[in-house]
Amino acid sequence: MVGFQTLFSKEITRFLKVGFQTIGAPVLTALLYLLIFSNALRGRIEVYPGSGIDYLQFLVPGLAVMSLLQNAFANTSSSIAQSKMMGNIVFVLLPPISHLEFFLAYVLAAVVRGLIVGFVVVFASLLFVALPIENLVTILTFGFLGATMLGSLGLIAGIWAEKFDQIAAFQNFVILPMTFLSGVFYSVHDLPNFWQLVSYLNPFFYLIDGFRAGFFGVSDVEVFHSLIIVSTVTFALSFGCFLLIRAGYKLRS
Amino acid sequence: MNAISVRDVYKYFGTLCAVKGVTLDVVEGEFFGLLGPNGAGKTSLINMISGLSVVDSGSIEVNGSDVSKDYLRARRMLGVVPQELVFDPFLSVYQTLKFQSGYFGIKHNDSWIQEILGALGLDEKADSNMRSLSGGMKRRVLVAQALVHRPPVIILDEPTAGVDVDLRQGLWKFIRELNERGHTIILTTHYLEEAESLCGRIGMLKKGELVVVEKTEQLLQSSEGLTIRLLIASGDCHLPESLNSFQTKLIPGGAEIIVPNASNVEEVLAHLRVANIKYDSLQLDRRDLEDVFVSVMRSGKDG
Numbered sequence: 004m005v006g007f008q009t010l011f012s013k014e015i016t017r018f019l020k021v022g023f024q025t026i027g028a029p030v031l032t033a034l035l036y037l038l039i040f041s042n043a044l045r046g047r048i049e050v051y052p053g054s055g056i057d058y059l060q061f062l063v064p065g066l067a068v069m070s071l072l073q074n075a076f077a078n079t080s081s082s083i084a085q086s087k088m089m090g091n092i093v094f095v096l097l098p099p100i101s102h103l104e105f106f107l108a109y110v111l112a113a114v115v116r117g118l119i120v121g122f123v124v125v126f127a128s129l130l131f132v133a134l135p136i137e138n139l140v141t142i143l144t145f146g147f148l149g150a151t152m153l154g155s156l157g158l159i160a161g162i163w164a165e166k167f168d169q170i171a172a173f174q175n176f177v178i179l180p181m182t183f184l185s186g187v188f189y190s191v192h193d194l195p196n197f198w199q200l201v202s203y204l205n206p207f208f209y210l211i212d213g214f215r216a217g218f219f220g221v222s223d224v225e226v227f228h229s230l231i232i233v234s235t236v237t238f239a240l241s242f243g244c245f246l247l248i249r250a251g252y253k254l255r256s
Numbered sequence: 035m036n037a038i039s040v041r042d043v044y045k046y047f048g049t050l051c052a053v054k055g056v057t058l059d060v061v062e063g064e065f066f067g068l069l070g071p072n073g074a075g076k077t078s079l080i081n082m083i084s085g086l087s088v089v090d091s092g093s094i095e096v097n098g099s100d101v102s103k104d105y106l107r108a109r110r111m112l113g114v115v116p117q118e119l120v121f122d123p124f125l126s127v128y129q130t131l132k133f134q135s136g137y138f139g140i141k142h143n144d145s146w147i148q149e150i151l152g153a154l155g156l157d158e159k160a161d162s163n164m165r166s167l168s169g170g171m172k173r174r175v176l177v178a179q180a181l182v183h184r185p186p187v188i189i190l191d192e193p194t195a196g197v198d199v200d201l202r203q204g205l206w207k208f209i210r211e212l213n214e215r216g217h218t219i220i221l222t223t224h225y226l227e228e229a230e231s232l233c234g235r236i237g238m239l240k241k242g243e244l245v246v247v248e249k250t251e252q253l254l255q256s257s258e259g260l261t262i263r264l265l266i267a268s269g270d271c272h273l274p275e276s277l278n279s280f281q282t283k284l285i286p287g288g289a290e291i292i293v294p295n296a297s298n299v300e301e302v303l304a305h306l307r308v309a310n311i312k313y314d315s316l317q318l319d320r321r322d323l324e325d326v327f328v329s330v331m332r333s334g335k336d337g
């Protein structure tokens, strides 16, 4: 247990030491998105017709989850990839840290960073727009599951990658398109049929929709339905990641 | 009880067999040297013992705990100084040791950390960031990291590679003291004089096979003898056939004749006189571990 606590606290120390880069920068990026998209599209897009929800309000939870997901992914993937490439991964491979402790320490540190970034985005947005909170438990549940899902995916990517180029490719060709096509900036009902179908195949869509429902009590898909899908994907990725660690895949030659 | 017990272990990297059926026991409290040229399988074997590599076939135990089945217990028994000069650029020396203690399940380790820092001459660098240290200092921190949990078995994989004389001597003094306090030490090194003076027993790996395991004393006895080195300025050296009963070798600018003991020297000189071999100078050297190592590596047994 001390091994887990130490690895977890070391991972937290690691991202806090470069807090401007790991927390400040993504919050600023999200606020810039908010500023630009809200000014450009406000009044042109009607979300959840009849609900009275303003586009600026609609945008905030989406941007918060997008930042949360990207940062949870970045935390595990960059930490593991950097340690592997610098060789200092031996310091956590030599000690008696169990496979589960190893997995939990990395993923929970990513969850902490993801939640910090996500909630700082929400709080900073309150300077520009008032946000209702319909159900805090729903917000926290989807936030936690999203960060766990992407923390696990980042860990898988970090274990698999042999150079930073591969991590960047994973981020730019998988994570970024999936987040942008998940309804951060629009309601899925505004899309043509084909793109609606594509959105329904994207687990990030259910994450964002569920998270947003926690604020407004309105969603594109039934919240329980989203919860089942998000939980299943999170569990599958976490379990897959745990199996990779247990097998020592690309960690122990 | 055996500190390390290796049973018929194989390791493959693709089609390359890096370790071939190695069986080895290192007894508790021993100072054991593992020698071999680059690519002989030393680091592969050490990585399997420490859990950094998976054992493809066979079994390895550390203080009775299997490194695969009971990996948590086995790793708790081991302290490993890796060959590569690796460090965490985010941490200071003290933080590095503090975190390493935690990884091994030790929360309050300050007094032992201070003792190691003092013994390794790192006390003034405790708050320095790892990035700012010289190569030698980083090597000391690696040794300190391996010792934070007071492991009964310590593995040092070429710990003095590229290290200055002062540090090397200080390091060996400290490691020798640890061995005297009962820690088992396993050392790989390319400096054979180090192995000769420190190790009680030596194993030699050649192309993945363990070809020799002997007490250092016996290894040296087995190579007892003298090397007579003749230096001939003209470079024209033809040794007489009468010397064929000894091991002879032509070297640049002369020849070497290996004799079993000092009483044979006069006999060799007599043969040279009879054959009218003129030499400019003559050296007599006692054979050492390096000679044994070279003759084992050149011997017919080819891995």
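Protein sequences appear in the order of chains A and B. Count along the first sequence from 1, then add 3; that gives the number in the working numbering. Count along the second sequence from 1, then add 34; that gives the number in the working numbering. All C-beta atoms in this analysis are idealised placements derived from N, C-alpha and C, irrespective of residue type, glycine included.
Of all the CB atoms in chain A, is at least one closer than 8 Å to the CB of residue i?
i, result
"residue 91(B)", "no"
"residue 175(B)", "no"
"residue 192(B)", "no"
"residue 141(B)", "yes"
"residue 66(B)", "no"
"residue 109(B)", "yes"
"residue 116(B)", "yes"
"residue 106(B)", "yes"
"residue 126(B)", "no"
"residue 43(B)", "no"
"residue 121(B)", "yes"
"residue 134(B)", "yes"
"residue 53(B)", "no"
"residue 273(B)", "no"
"residue 137(B)", "yes"
Between the alpha carbons of residue i and residue j, how many angstroms are there, rounded?
i, j, result
"residue 18(B)", "residue 89(B)", "Since the first residue shown for chain B is 35 and the last is 337, residue 18(B) is missing from the structure and cannot be characterised."
"residue 8(A)", "residue 130(B)", "15 Å"
"residue 144(B)", "residue 230(B)", "35 Å"
"residue 13(A)", "residue 53(A)", "49 Å"
"residue 18(A)", "residue 125(B)", "12 Å"
"residue 313(B)", "residue 262(B)", "12 Å"
"residue 55(B)", "residue 202(B)", "33 Å"
"residue 110(B)", "residue 99(A)", "6 Å"
"residue 87(B)", "residue 241(B)", "18 Å"
"residue 322(B)", "residue 315(B)", "22 Å"
"residue 116(A)", "residue 64(A)", "17 Å"
"residue 183(A)", "residue 72(A)", "12 Å"
"residue 27(A)", "residue 74(A)", "11 Å"
"residue 148(B)", "residue 105(A)", "28 Å"
Within 8 Å (strictly less), CB to CB, does residue i reach chain B?
i, result
"residue 8(A)", "yes"
"residue 166(A)", "no"
"residue 90(A)", "yes"
"residue 100(A)", "yes"
"residue 256(A)", "yes"
"residue 5(A)", "yes"
"residue 87(A)", "no"
"residue 93(A)", "yes"
"residue 13(A)", "yes"
"residue 251(A)", "yes"
"residue 96(A)", "yes"
"residue 215(A)", "no"
May I ask you to report which of helix, strand or coil DSSP gives residue i?
i, result
"residue 215(B)", "coil"
"residue 38(B)", "strand"
"residue 86(B)", "coil"
"residue 279(B)", "coil"
"residue 59(B)", "strand"
"residue 52(B)", "strand"
"residue 76(B)", "helix"
"residue 92(B)", "strand"
"residue 320(B)", "strand"
"residue 191(A)", "helix"
Could you name the residues of the same chain whose beta carbon sits closer than 6 Å to that of residue i, not counting the 5 residues immediately before and after it, in chain order?
i, result
"residue 107(B)", "99"
"residue 172(B)", "119, 121"
"residue 239(B)", "70, 74, 75, 76"
"residue 33(A)", "66, 70, 124"
"residue 189(B)", "80, 114, 220"
"residue 143(A)", "none"
"residue 102(A)", "248, 249"
"residue 48(A)", "58"
Open item on the list: At 4 residues or longer, what runs of the alpha helix (DSSP H) sit wholly inside the region 97-141 of chain A?
Closed with: 102-128
Open item on the list: To test your reading of the DSSP string, which unbroken alpha helix (DSSP H) runs of 4 or more residues are found completely within the region 108-188 of chain B?
Closed with: 127-137, 144-153, 169-181
Open item on the list: In chain order, what are the residue ranges of uninterrupted alpha helix (DSSP H) at least 4 long that sit wholly in the region 220-276 of chain B?
Closed with: 226-232, 250-256
TODO: Would you list, in sequence order, the uninterrupted alpha helix (DSSP H) runs of no fewer than 4 residues that lie entirely inside the region 23-54 of chain A?
DONE: 28-44
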